[in-house]
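Novice: Respectively, the protein sequence lines represent chains V and G.
Heads up, the first sequence is in the working numbering, so the first residue is 252 and it goes up one at a time.
Heads up, the second sequence is in the working numbering, so the first residue is 236 and it goes up one at a time.
Note that CB positions come from ideal geometry on N, CA and C, so glycine has one too.
Take a look at the following structure, please.
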Amino acid sequence: MMVKKILFWFVVFLVAAWFLTPVVFIFLAALTPAQDYYNPHKIFPSHFTLDHLYKLFFVLDGWKATIISIEVALISIAISFAVGLPAGYAMTRYKFPGKNAIRLSILLTRSIPLIVLAVPLMVIYMRFNLADSVMGVALAHTAMILPFVVLITSSIFSGISVEYEEAAMVFGLTRFKAFIRITLPLALPGLAASAIFSFIMSWNEVFVASVLTLSNRTLPAHILNTAMTSPDYFKFAAGMIMAVPAMIFIFFTKKYLVSMWGISLK
Amino acid sequence: MARVKIENLKKYFGKVKALDGIDLEIEDGEFVVLLGPSGCGKTTLLRSISGLEKVTEGKVFFDDQEVTNLPPKDRNISMVFQSYAVWPHMKVADNIGYPLKIKKYPKDEIEKRVKWAAELLNISELLDRYPAQLSGGQRQRVAVARAIVLEPRVLLMDEPLSNLDALLRVKMRSELKKLQERLGVTTIYVTHDQVEAMTMGDRIAVMKDGKLQQFGTASEIYHTPANIFVAGFVGSPQMNFFRMRVSSEGTKYFAVGFGMKIPLKGDPRKDQVVMGIRPEHIYDQASGSTQEVEAEVYFVEKLMSETIVHTNLPEGGRLVVKIPGDVSFQEGQKTKFYIDLDKVHVFDPETEERIKL
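Listed below in C-alpha cells is the structure:
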C-alpha cells in the first residue's frame, strides 16, 4: 500500500518536473540581470529584474506587436465563430446528404501544414493588397481555427439535448429564438472555452505570421525576428511573455477545456 | 381545448414510411393513447401533430382550423417530453412560467398561474430549486406543470413515464389521468406500455409500421381486436394463436386441429382460420359453454395472484393458460383445460383481419 503510494507520487513528481523545469528556467532567466546571467557560478540570481521585459516591450516595440497579436486573434475568432458556430450547429442538428464527407474534409484541411499554405497565400495577398496587414494574418489564422471551431461547437451542441430546444419551440419560440434563449446559454461555458483555445492557437502561431508580414508583426513573429538576434536573456524574456497569457487562460478555463474535448475527470 | 382531426397523414424519411396514411379523429377533451411497438410511428405521429415534424402529405386540423403547416409555436399546444426537457439553466418556477413569459403575460398573472400549477402537482416547495437538484420524478412533475400552465388546446405526451421506476410509474399513471379529467384538456399520449394505454386512455389507437391498426376503447381493443397484431399486442401473457382447418357438418362449422374441435358461430368462408384464445379465457374447470382440451404441463410460472401454465398440445403447439390464484401443477403432468367458447377469436390467415361470425 505504502509502496504503491510512494510510487504514485514519484511518477506524479516526474511528470510535473518534466513539464515545469523548462518553464521555471525560462522564467528565472527572463528575470535575471545581465551580469548574473553570464556569471557561471550563479544559478539563482542575486535579485530579480523586470528590465528585459521592459526593454522588450517598450524599446523593441513589443507592445505594438502584442496589440497586433490581440487584434489578429480577435478578428480570427470573430470570423471563425460567425461561420463555424452555425456550421457546427448544422452538423449536429440536421441530417443532410454528404454530411460525413463534409466532416472529413473539414478534418483534411488540418492535414495541410499552414506553412505550406503561406507562400501561395502571400502571392494571393499581394494581389489583393492584403500582404503585411493585420487582416491578412487574421484570415490565415481563420483558416487554421475555423475547422477546429466547427468540430468543437458541433460536439458541444450535440451534448445539449435537442428536446430542450423543441420544448422551447412548442411553448412559443421560433427555432432561432429557441437557439438564442435555450441552447446558447447552455453551450456558453464550452463556447467560451473554445474561444479561448482559439485565441491561444492564434497567439502561438508564428510561421505564417512571419511569412505574411514585415512591419505589422504579431508578437511571436516579432520575437522571432528581434529577440532571436538579441542576448539570451531577451530570448527568455520573450518566451515568458509568450507563455504567461496562455498559461493564465488555461488555468482559468481548464475545467471547460477538459469537458470541451469530451474527457471527463473526477 | 380542441377536437383533433388527422387526414391521410404521411411522413417519409427517405424510403422509410414512418407514417403511411393515418386517419384519426379525437374528440374535445378526450384522452387518446397511441400504442405500438418501437418504430411503429407513434412518436412521429405525435411530433407531426406538434409541428416539430413536417409531414410529407395529409392534413391536421384543430377544431376547424388547419394547422398542417403552422410552426409549433403558433399551434397553442404543449408537450411533455420523454426526457422531460426541463431547462437546466432556469429555476423550477421560471421553467413553469416560461411559456407564459414568452406569451407576454403580466408578471402577477404568471406568478398566480405558476403557483396554481405547482400546487396541482405538489411541487410548491421546489419552485426555488434548479432542475439538477431534483429527482427524476420531481423533474417530471415540473414538465407536466409547465405543460398545463398555459391551458393548451392539445396536450401531447411522449412516453412521459418511461424513465420513472415501476412504483412511481403506477402512481403517476393515476395522477396524470385524474389531472387530465380535471382539466378536461384534449390529450394525446404515446406509450409502448399496454397497461398504461388500457388504464389511461379513453380510446386507444394501436399502430404498427406507420399504419393505424385499430382505434377504440380499451374494452373494444381487448374483446374485439381488429386483427392478429392487435390481438397479440394487447393482453399478457399473449393470446394463443392456432392455425386450424375448417370443417362443416351440415350447417355447423368447426375449427379443427391441435387436438381441438372448436365450434364456430357461423360460416367463416375460409378453408383455414387462425383461432385466437386468450390465456385467461382457458379454465381448469368446465363451466358454461367450454371445450375440453388435454395438454401436458411444460412450465409453470407462479405469480401467487395467478398461475401461468405453459403446456404442450398432443399434436404439437404450445397453449398458455392463466389460472387465477395459486394453483399447483406438476411439470410433465397431463391435465384437462376448458376453453371458453364465447371468448374465442377468429382471424383470416391471409389478411390477418378479424372474421366476424
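Look at the Cβ atom of residue 475(G), then the Cβ atom of residue 512(G), and state whether they are nearer than 7 Å.
Specialist: Here residue 475(G) refers to the residue found at position 240 of the second sequence. Here residue 512(G) refers to the residue found at position 277 of the second sequence. Yes, they are a contact pair.
Novice: Select from the stretch 411-434 of chain V all residues with a C-beta closer than 7 Å to any C-beta belonging to chain G, and list them in chain order.
Specialist: Answer set for the stretch 411-434 of chain V: 412, 414, 415, 417, 418, 420, 421, 422, 423, 424, 425, 433.
Novice: When you check each C-beta in the stretch 482-498 of chain V against every C-beta of chain G, which residues fall closer than 9 Å?
Specialist: So nothing in the stretch comes that close.
Novice: In chain order, what residues of the same chain have a beta carbon less than 6 Å from the beta carbon of residue 358(V), not counting five sequence neighbours either side?
Specialist: The residue you call residue 358(V) lines up with position 107 of the first sequence. Excluding sequence neighbours, residue 358(V) sits near nothing in its chain.
Novice: Using the beta-carbon of each residue, which ones in chain G are nearer than 8 Å to residue 348(V)?
Specialist: Residue mapping note: residue 348(V) aligns to position 97 of the first sequence, counting from 1. The contacting residues do not exist; residue 348(V) stays about 10 Å from chain G at best.
Novice: Could you list which residues in chain G have their beta carbon closer than 9 Å to that of residue 296(V), in chain order?
Specialist: In the first sequence, the residue the question calls residue 296(V) occupies position 45. Going along chain G, no residue has its Cβ under 9 Å from residue 296(V), so there is no contact; the nearest lies around 50 Å.
Novice: Are the CB atoms of residue 370(V) and residue 453(V) nearer to each other than 7 Å?
Specialist: As a first step, residue 370(V) must be located in the first sequence, where it is residue number 119. As a first step, residue 453(V) must be located in the first sequence, where it is residue number 202. The answer is no: Cβ separation not under 7 Å.
Novice: Bridge partners of residue 537(G), per DSSP?
Specialist: The residue given as residue 537(G) occupies position 302 in the second sequence. Note: residue 537(G) sits in a beta bridge opposite 542(G).
Novice: What is the DSSP secondary structure of residue 561(G), reduced to helix, strand or coil?
Specialist: For the purposes of this step, residue 561(G) is taken as the residue at position 326 of the second sequence. Residue 561(G): coil per DSSP, three-state reduction.
Novice: Please report the straight-line C-alpha distance between residue 384(V) and residue 438(V), rounded to a whole angstrom.
Specialist: The sequence position of residue 384(V) within the first sequence is 133, counting from 1. The sequence position of residue 438(V) within the first sequence is 187, counting from 1. Distance between the alpha carbons of residue 384(V) and residue 438(V) is about 34 Å.
Novice: So, do the stretch 458-476 of chain G and the stretch 550-562 of chain G have three or more beta carbon pairs nearer to each other than 8 Å?
Specialist: Result yes; three or more Cβ-Cβ pairs closer than 8 Å.
Novice: Have a look at residue 515(V) and residue 304(G) and give me their C-alpha separation to the nearest angstrom.
Specialist: Residue numbering aside, residue 515(V) sits at position 264 when the first sequence is read from its first letter. Residue numbering aside, residue 304(G) sits at position 69 when the second sequence is read from its first letter. In this predicted model, residue 515(V) has a pLDDT of only 46, less than 50, meaning its place in the structure is not dependable; the value taken from the coordinates is given anyway. Between residue 515(V) and residue 304(G), the C-alpha separation is close to 43 Å.
Novice: Residue range of the beta strand (DSSP E) that residue 253(G) falls in?
Specialist: As a first step, residue 253(G) is located in the second sequence; it is residue number 18 there, counting from the start. 251-261 is the span of the beta strand (DSSP E), which, as asked, contains residue 253(G).
Novice: Using a 10 Å radius around the Cβ and a threshold of 16 neighbouring Cβ atoms, would you call residue 574(G) buried or exposed?
Specialist: Taking the first residue of the second sequence as position 1, residue 574(G) is located at position 339. Counting Cβ neighbours within 10 Å, residue 574(G) comes out buried, since at least 16 surround it.
Novice: Distance check for residue 241(G) and residue 461(G), CA to CA, integer angstroms please.
Specialist: Position 226 of the second sequence, counted from the first residue, corresponds to residue 461(G). Position 6 of the second sequence, counted from the first residue, corresponds to residue 241(G). Spanning the two alpha carbons is a distance of roughly 20 Å.
Novice: Where DSSP assigns a beta bridge to residue 244(G), which residues make up the other side?
Specialist: Mapped onto the second sequence, residue 244(G) falls at position 9. Residue 244(G) pairs with 257(G).
Novice: Give the straight-line distance between the Cα atoms of residue 412(V) and residue 251(G), rounded to the nearest whole angstrom.
Specialist: If you number the first sequence from 1, residue 412(V) lands on position 161. If you number the second sequence from 1, residue 251(G) lands on position 16. Residue 412(V) and residue 251(G): Cα-Cα distance of roughly 24 Å.
Novice: Ordered along the chain, which non-local residues of its own chain (more than five positions away) have a Cβ less than 8 Å from that of residue 264(G)?
Specialist: By one-based count along the second sequence, residue 264(G) stands at place 29. Once the five neighbours on either side are set aside, the close Cβ partners of residue 264(G) are 236, 419, 420, 421.
Novice: Excluding the 5 residues preceding and the 5 following residue 348(G) in the sequence, name in chain order all residues of the same chain whose CB lies nearer than 7 Å to its CB.
Specialist: Against the second sequence, residue 348(G) aligns to sequence position 113. So the list reads 335, 384, once near-sequence residues are dropped.
Novice: Quick one, are the C-beta atoms of residue 278(G) and residue 393(G) less than 7 Å apart?
Specialist: For the purposes of this step, residue 278(G) is taken as residue 43 along the second sequence, with counting starting at 1. For the purposes of this step, residue 393(G) is taken as residue 158 along the second sequence, with counting starting at 1. Closer than 7 Å, so yes.
Novice: What are the boundary residues of the alpha helix (DSSP H) that residue 398(V) is part of?
Specialist: Taking the first sequence and counting its residues from 1, the one referred to as residue 398(V) is at position 147. Where residue 398(V) is concerned, the enclosing alpha helix (DSSP H) stretches over 385-409.
Novice: Can you tell me whether residue 573(G) is helix, strand or coil according to DSSP?
Specialist: Working through the second sequence from its first residue, we reach residue 573(G) at position 338. Of the three classes helix, strand and coil, the one that applies to residue 573(G) here is strand, per DSSP.
Novice: Using a Cβ-Cβ cut-off of 8 Å (strictly less than) and excluding sequence neighbours within five positions of residue 285(G), which residues of its own chain qualify?
Specialist: Reading the second sequence from its first residue, position 50 is the one you call residue 285(G). Cβ neighbours of residue 285(G) beyond the five flanking positions: 307, 310, 312, 314, 391.
Novice: Can you list the residues of chain G that residue 440(V) reaches, using a CB-CB cut of under 8 Å?
Specialist: Taking the first residue of the first sequence as 1, we reach residue 440(V) at position 189. Those do not exist, as residue 440(V) stays about 11 Å from chain G at its closest Cβ, beyond 8 Å.
Novice: Quick one: list the residues of chain V neighbouring residue 285(G), beta-carbon separation under 7 Å, in chain order.
Specialist: Translated into the one-based positions of the second sequence, residue 285(G) becomes position 50. Neighbours of residue 285(G) on chain V, chain order: 421.
Novice: From which residue to which residue does the beta strand (DSSP E) around residue 424(G) run?
Specialist: Counting from 1 along the second sequence, the entry for residue 424(G) is found at position 189. Start and end: 421-426.
Novice: Among all the DSSP beta bridges, which residues are the ones paired with residue 607(G)?
Specialist: Chain G is shown only over 236 to 592; residue 607(G) falls outside these bounds and no answer can be derived.
Novice: Which parts of the stretch 448-478 of chain G are runs of the alpha helix (DSSP H), unbroken and 4 residues or longer, counting only runs that do not cross its ends?
Specialist: Correct list: 453-458, 463-468.
Novice: Around the C-beta of residue 287(V), are 16 or more other C-beta atoms found within 10 angstroms, so that it is buried, or is it exposed?
Specialist: Walking along the first sequence from the start, residue 287(V) turns up at place 36. Buried, because 16 or more other Cβ atoms sit within 10 Å of the Cβ of residue 287(V).
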